[in-house]
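Read the structure below first, then the notes.
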Amino acid sequence: MTTGDPLIVLDGVHKWFGPLHVLDDVSLSVDRGEVVVVIGPSGSGKSTLCRAINRLEPINEGTITFDGQPLPAEGKPLAKLRSEVGMVFQSFNLFAHKTILENVTLGPVKVRKEKPAAARERGLALLDRVGIANQADKYPAQLSGGQQQRVAIARALAMQPKAMLFDEPTSALDPEMVGEVLDVMTSLARDGMTMVVVTHEMGFARHAANRVVFMADGKLVEEAAPAEFFANPRSDRAKDFLSKILTH
Ligand SMILES: Nc1ncnc2c1ncn2[C@@H]1O[C@H](COP(=O)(O)OP(=O)(O)OP(=O)(O)O)[C@@H](O)[C@H]1O
Ligand SMILES: [Mg+2]
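One point on numbering: in UniProt numbering, the residue at position 220 of the sequence shown is 220, and numbering is uninterrupted.
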């Protein structure tokens with residue numbers, strides 16, 4: 001669902017790592033409720049783009065606004081931004097010595113100052129939503145990779161984010177666990193969450209994305225609705241990329 005109401009807006013964004021130009025004049029607007037899938041070759045800047053949106057990576061030129069405000073640089077406003085933009089990475093980064101439920105409730109209690117009982121109730125509901133309510137008292141190492149990644153999603157959702165960023169959330173998973181994580185993401189998308197998703201899962205892009213964005217060499221080369229993009233990529237770079245990944 002797209003609303004024509006922008007939540008994340010990048011305008012003329014540039015980022016260099018030393019001499020390396022990793023984001024080269026990137027402009028992208030993501031509407032509230034929209035699901036944008038970002039694809040492109042390794043090193044094209046996809047992770048940097050995601051990290052720039054919640055300011056894990058500061059940019060050198062251009063502007064990024066989130067919900068109408070320029071990204072804050074530090075302090076409480078930055079902490080607020082980070083809680084409003086949930087992020088799920090390839091590695092789950094759960095706290096090993098905390099239970100699954102504690103992993104999910106820690107942020108709400110510490111950062112959002114929720115009452116422990118209320119955070120616990122919501123945490124259990126979120127674990128139920130991602131299909132692992134019965135694992136609440138276990139520790140991360142006792143769960144499969146797919147289950148841990150679903151905990152990571154529940155933990156991000158516990159902060160009541162306005163948007164979710166996913167950076168290759170299924171790349172580290174055994175193949176049989178990819179589906180259960182994509183199912184949770186698909187359901188989030190259907191519920192209207194604003195999502196930016198870096199993934200090689202073209203099935204997800206086809207059925208869950210409103211828009212596919214193709215990056216190469218730090219540039220946003222092409223963007224289109226999934227059906228249009230997969231049937232009719234315009235640039236040679238995108239054609240070449242698709243011919244490689246779709247023939248595996
Ligand atoms: N902290 C850093 N310092 C220096 N160079 C970096 C840093 N992070 C990323 N880069 C470089 O920036 C470029 C873009 O990296 P980025 O991780 O955004 O690419 P990507 O599209 O996510 O690639 P992949 O598909 O492999 O994850 C790469 O050339 C990478 O080596
Ligand atoms: Mg990456």
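All residues carry an ideal CB built from backbone N, CA and C; glycine is no exception.
For G62, the three-state DSSP class (helix, strand or coil): strand
According to DSSP, residues forming a beta bridge with F214: I39, E222
DSSP-derived helix/strand/coil call for H21: strand
Residues whose Cβ lies closer than 5 Å to any heavy atom of ligand 1, in chain order: F17, V22, S42, G43, S44, G45, K46, S47, T48
Where F229 sits in the DSSP three-state scheme: helix
Contact test: D191 Cβ vs ligand 2 heavy atom, cutoff 8 Å: no
Chain-order list of residues whose beta-carbon lies under 8 Å from that of residue 249 (same chain, five-residue window excluded): Absent from the model: residue 249. The displayed extent of the chain is 1 to 248, so no value can be given.
Whole-number beta carbon distance between T194 and G33, since they are thought to touch under 8 Å: 6 Å
Under the three-state DSSP convention, the category L143 falls into: coil
R112 burial status per 10 Å Cβ neighbour count (16 or more: buried): exposed
Beta bridge counterpart(s) of F166 as assigned by DSSP: V88, V197
Bounding residues of the alpha helix (DSSP H) (the contiguous stretch that carries H207): 202–208
Helix, strand or coil at K15 [DSSP, three-state]: strand
Proximity test, E168 beta-carbon vs ligand 3 heavy atom, cut-off 8 Å: In terms of ligand content, the structure shown lacks ligand 3 and carries ligand 1 and ligand 2 instead.
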